[in-house]
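With our numbering applied, the sequence shown covers 15 to 440. Note that beta-carbon positions come from the ideal geometry of N, C-alpha and C, so glycine has one too. Only one structure is covered here, and it is reproduced in the block below.
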Amino acid sequence: MKRSLTTALALAILPLAAGCAQQVETIASAPAAVAEQRERMTILVSIDGFHPDYLGRGLTPTLSALADGGVTASMRPSFPTKTFPNHWTLVTGLVPDHHGITANRMEDQGRPAEPFTMATVDPYWWNEAKPVWVEAEEAGIRSAAMFWPGSAVPWGGTAQGWGPVSDGVLPSDWQQFSMQISNTQRVNAVLDWARRPADIRPEFVTLYFDTVDTAGHDGGPDSEEVNAALRDVDGHIARLTAELRKLGQPADLVIVSDHGMAATSSERVIALDEVLDESLYRLVEAGAYATFEPTAGNEEALVKALVDTDHANMECWEKSAIPAKYQYGTHGRIPPIFCLPDTGWTITRSRPKNAWTGGNHGFDMYAPEMAALFIANGPSFPAGRELASFQNTSIAPLLRHLVGLPQADRADGTLEPFLPVLPQAK
């Protein structure tokens, strides 16, 4: 029976290990603390909003050591560069236009008056693409999720609106997301799983940290808030690796982010009420991009006002004409008109009355500010290797290879970026 971690987390909270960031080795290199010959685990770690340049600030000795002792790259996110679309890409290998999680907020004719939000666990929204943990469970490989967008969804199940789901596949252990569960508790849960007897110990685990992203939104990428969050997360990764070594638990760590972060401010705003009549449209999303539904009878007028008119610092398209490089625009959940501002600009209904600064993502996937982190360290990887930049659609194929699953027939990414360091991979 699948169980939530609410009880397990309360039992798992342990004192923070002192001095664990002093030395980081490849996790497989430490001698086993017990006689048991443990099977290798694969641990997928997401540090939301972590730009790869953050490694150069000298604030993350653990992550830097893991990068130096393993494989690293600057990874390109998928479009749009938002949290839920990219986390689902990371575990399915499909771009958002193909896996169906096309935005953090979506609408669908099959669920009228019930928009998708980041709290939605109705399988209806998620069932278009199978995540790695479901593939693992179906193959008899135990999985566990200490948060990951979609990991609390009974995949393949059915629900009537907001009603309960009685079928579907979940990780063997999982936890409904809550920001009240601290980073310490999250790491404790993973370590609790690693301490289990072999027959109930997961082979594939996800772990999610949101603090760097939150700090980036609040203060911007160059803020002291981000620097403090970097130090905090690095300390938790240090404790995770140190405790795994004490257990003699070999593990391949795949550490990623979903996107980077761009500085924003009230001085770089596109106010919609200054460029078009609000009676022409219903705004679905706004911010790092904007999507629009025309009001009845105003389809042509909205296209003329947005698509057929030049705008400073913003370009708009009908969904079918979104440039091919974005791999976006065919799914029914994408509204009819899409506007993308220059990186660092914000689309709002009206100009803000008060000055503000911060950070955001969702911009062009090729913008340097949107680049994402990739570090792989463990027994499957050589040390000191840097790969050419690749798109995050290749992470799911990598995970399937590490966990021992066949590659998916339907995929937008391949193992090709990793062949220089995993020559045996196919």
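Put Q421 into one of helix, strand or coil per three-state DSSP.
coil
With 16 as the cutoff for other CB atoms within 10 Å, does K144 come out buried or exposed?
buried
Please state whether the Cβ-Cβ distance between V3 and L104 is less than 8 Å.
Since the first residue of the chain shown is 15 and the last is 440, residue 3 is not available in this structure.
Grab the span of the beta strand (DSSP E) containing F352 for me, first residue to last.
351-355
Classification of T95 by the beta-carbon crowding that lies within 10 angstroms, buried from 16 upward
buried
Closer than 8 Å is the cut-off here; do at least three beta carbon pairs connect the segment 331-340 with the segment 348-355?
yes
Entirely within the segment 181-232 and at least 4 residues each: give me those alpha helix (DSSP H) ranges in chain order.
197-208
What span of residues does the beta strand (DSSP E) with D266 cover, start to end?
265-270
Mapping DSSP to helix, strand and coil, what is W139?
helix
Does A150 pass the burial test, meaning 16 or more other C-beta atoms within 10 Å, or should it be called exposed?
buried
Using C-beta distances below 7 Å, list every residue in its chain close to L416, excluding the 5 sequence neighbours before and after it, in chain order.
T56, D266, S394
Label A385 either buried or exposed according to how many other C-beta atoms from any shown protein chain fall within 10 Å of its C-beta, with 16 as the threshold for buried.
buried
The segment 71-81 touching the segment 284-299, judged by at least three CB pairs closer than 8 Å
no
Measure the C-alpha to C-alpha separation of Q190 and E288 and round it to an integer number of angstroms.
41 Å
State the CB to CB distance for the pair H231 and N368, rounded to an integer number of angstroms; the pair is presumed to be in contact (CB under 8 Å).
With 8 Å as the limit, H231 and N368 do not qualify as a contact, their Cβ atoms being about 17 Å apart.
Starting from E149 and walking both ways along the alpha helix (DSSP H), at which residues does that stretch end?
146-152
List the DSSP bridge partners of Q295.
Here residue 295 turns out to be Tyr, not Gln, going by the sequence shown. In the DSSP output, where bridge partners are listed per residue, Y295 has P308.
Going by CA-CA distance only, name the one from G164, H250, A173 that's closest to A203.
H250
Counted within 10 angstroms of its Cβ, other Cβ atoms place Y340 as buried (16 or more) or exposed:
buried
Run the CB neighbour count on E383, radius 10 Å, all protein chains shown included, and call it buried at 16 or more, exposed below.
buried
For S293, count the other beta carbons within 10 Å of its own beta carbon; 16 or more makes it buried, fewer makes it exposed. Which is it?
exposed
Helix, strand or coil: how does DSSP classify T134 here?
coil
Relative to the alpha-carbon of P216, which residue among P396, S196, I155 has its alpha-carbon at the smallest distance?
I155
In this structure, does DSSP put S334 in helix, strand or coil?
helix
With DSSP run on the structure shown, which of helix, strand or coil describes A127?
coil
Would you mind stating whether V298 and V85 have Cβ atoms separated by less than 8 Å?
no
Whose C-alpha, out of F218, R210, Y222, is nearest the C-alpha of I195?
Y222
May I have the straight-line CA-CA distance separating Q438 from L413, to the nearest angstrom?
14 Å
Under the DSSP definition of a beta bridge, which residues are partnered with G301?
I361
Given this structure, state the Cα-to-Cα distance separating R259 from D426, to the nearest angstrom.
35 Å
Same chain, Cβ closer than 6 Å to A243, five either side skipped, listed in chain order:
T225, V226, A229
For S78, the three-state DSSP class (helix, strand or coil)
helix
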